[in-house]
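With this note's numbering, letter number 208 in the sequence shown gets 208, and the count goes up by one each step, no holes. In this text, a Cβ means the ideal position worked out from N, Cα and C, and glycines have one as well. What follows is a short report on a single structure.
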Amino acid sequence: RLDLLWRHLGAKKMHFEAAQKLLEIAVLATPAISLEKKFGYLSKAKIHAETSVGSEDYSNSSELLSGLRDRIRVANVQQAIFRALESLKEKTQKRVDRNEREAADKRKKLDDLEERLHELNTNLYSVSDLYNIYARPFKLYECQLMIFECSNYDDLKLIEKVWEKILGKKQIEDFVFETVSELGKRFYPSDLVFPLRLICQKLHEKRFLPAKVVNVMIDDVQVPYHVLFFDVYHLFLSRNRQFNLQQQDVYDATDVLLQRWAEGVRSGNASIRDREASVLRKVVECLRALSAQEYFGNFLQEFEDLVNLTHIHRPYLK
């Protein structure tokens with residue numbers, strides 16, 4: 001009946017009332033309306049609320065629209081958690097099928113997962129409940145980042161721990177970069193949930209190929225050259241002055257980055273900000289400051305000669 005009612009209201013151009021009815025359907029706690037359908041009802045409600053905004057008759061339209069946008073953001077997180085738990089259930093079922101000795105313990109976990117999936121498919125939950133009941137207990141770290149972004153949660157220490165878990169649980173290089181690429185596309189440039197400097201540091205600590213770190217950040221995540229340069233520069237400053245292999249990796253990353261930057265400028269692919277004289281002066285200033293230090297001199301001078309930024313940008317640097 002409610003389904004027919006919102007359609008009738010929409011046909012009568014009573015968009016505010018249609019949005020209210022759609023919201024009413026979406027929040028019904030019933031397995032008859034799946035999570036996917038609930039999300040669909042919320043999306044339709046948002047469309048009707050947007051249409052009603054500006055109407056003299058409905059001063060509450062803006063408030064309704066704002067509330068619907070918030071609900072859709074949270075429902076999007078709930079969908080991600082639902083998919084993650086479905087995947088976990090499938091993996092657990094495969095372990096049960098392969099190993100009968102672990103079957104009893106795993107079946108208990110399967111029952112718990114089935115119950116949680118039923119809950120998620122029946123009700124719409126608050127962001128706090130999604131974190132405390134689902135994302136944290138089941139160690140859904142990527143979903144935790146979505147929750148932090150959705151709620152503007154700014155506990156930097158907790159976010160750092162989550163990233164350490166994300167990068168620490170995947171040891172195969174390709175899997176790590178695939179994860180960083182996916183999360184970077186989703187979250188960057190939010191430094192809150194995609195702390196670029198920390199991520200670069202962790203990737204270098206894992207001793208992954210410096211060129212791959214740079215290329216993933218530039219090509220996949222779309223980090224501007226100057227932003228990535230200053231984060232890599234920070235890695236220089238955070239290292240002990242004594243030369244070691246980790247520092248060599250940072251050198252190599254900077255080498256690749258500056259080459260890519262120069263290529264981007266030559267081809268016209270560098271952003272306006274990447275071409276600004278003030279940024280370029282700062283880059284050269286950083287290189288010269290480092291080249292004055294023991295252990296850094298020859299290598300960083302080679303950077304200047306190799307990339308020749310001052311020559312490429314001579315008109316900008318006068």
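Host alpha helix (DSSP H) of residue i (start-end)
i: residue 166; result: 156 to 168
i: residue 132; result: That residue, residue 132, is in no alpha helix (DSSP H); it is neither H nor E in DSSP.
i: residue 49; result: 35 to 52
i: residue 141; result: 141 to 151
i: residue 276; result: Neither: residue 276 is in no alpha helix (DSSP H) and is coded neither H nor E.
i: residue 138; result: Premise fails: residue 138 is in no alpha helix (DSSP H) and is neither H nor E.
i: residue 319; result: The requested residue 319 does not occur in the structure, where the chain is confined to residues 1 to 318.
i: residue 68; result: 61 to 98
i: residue 29; result: Note, residue 29: premise wrong, no alpha helix (DSSP H); not H, not E.
Nearest neighbour of residue i, chosen from the options [CA to CA]
i: residue 22; options: 89, 217, 192 and 6; result: 6
i: residue 27; options: 14, 193, 12 and 43; result: 43
i: residue 226; options: 213, 275, 176 and 155; result: 275
i: residue 253; options: 272, 208 and 222; result: 208
i: residue 124; options: 230, 211 and 39; result: 39
i: residue 233; options: 93, 222 and 257; result: 257
i: residue 136; options: 185, 158 and 192; result: 158
i: residue 235; options: 259, 223, 212 and 205; result: 205
i: residue 250; options: 229, 269, 270 and 268; result: 229
i: residue 74; options: 37, 129, 89 and 203; result: 129
i: residue 271; options: 285, 224 and 278; result: 224
i: residue 20; options: 35, 48 and 11; result: 48
i: residue 52; options: 15, 88 and 41; result: 15
i: residue 119; options: 127, 109, 134 and 105; result: 134
i: residue 71; options: 89, 186 and 35; result: 35
Residue i burial status per 10 Å Cβ neighbour count (16 or more: buried)
i: residue 65; result: buried
i: residue 78; result: buried
i: residue 240; result: Note that residue 240 scores a pLDDT of 48, beneath 50, so its modelled location is shaky and nothing firm can be said.
i: residue 62; result: exposed
i: residue 31; result: exposed
i: residue 54; result: exposed
i: residue 107; result: exposed
i: residue 177; result: buried
i: residue 231; result: buried
i: residue 12; result: exposed
i: residue 94; result: exposed
i: residue 161; result: exposed
i: residue 175; result: exposed
i: residue 255; result: buried
Short CB-CB distance (under 7 angstroms) between residue i and chain D
i: residue 166; result: Of the protein chains in the structure, only one exists, and it is not chain D.
Is the segment 258 to 267 touching the segment 216 to 226 in the sense that three or more CB pairs, one from each, lie closer than 8 angstroms? Three or more pairs of CB atoms, one per stretch, sit closer than 8 angstroms, so the segment 216 to 226 contacts the segment 258 to 267.
Segment contact flag, the segment 136 to 143 with the segment 78 to 96, C-beta cutoff 8 angstroms, min 3 pairs: yes
Whole alpha helix (DSSP H) elements within the segment 166 to 227, 4-residue minimum: 173 to 187, 196 to 205 and 210 to 215
On the three-pair Cβ rule with 8 angstroms, is the segment 194 to 207 touching the segment 157 to 167? yes
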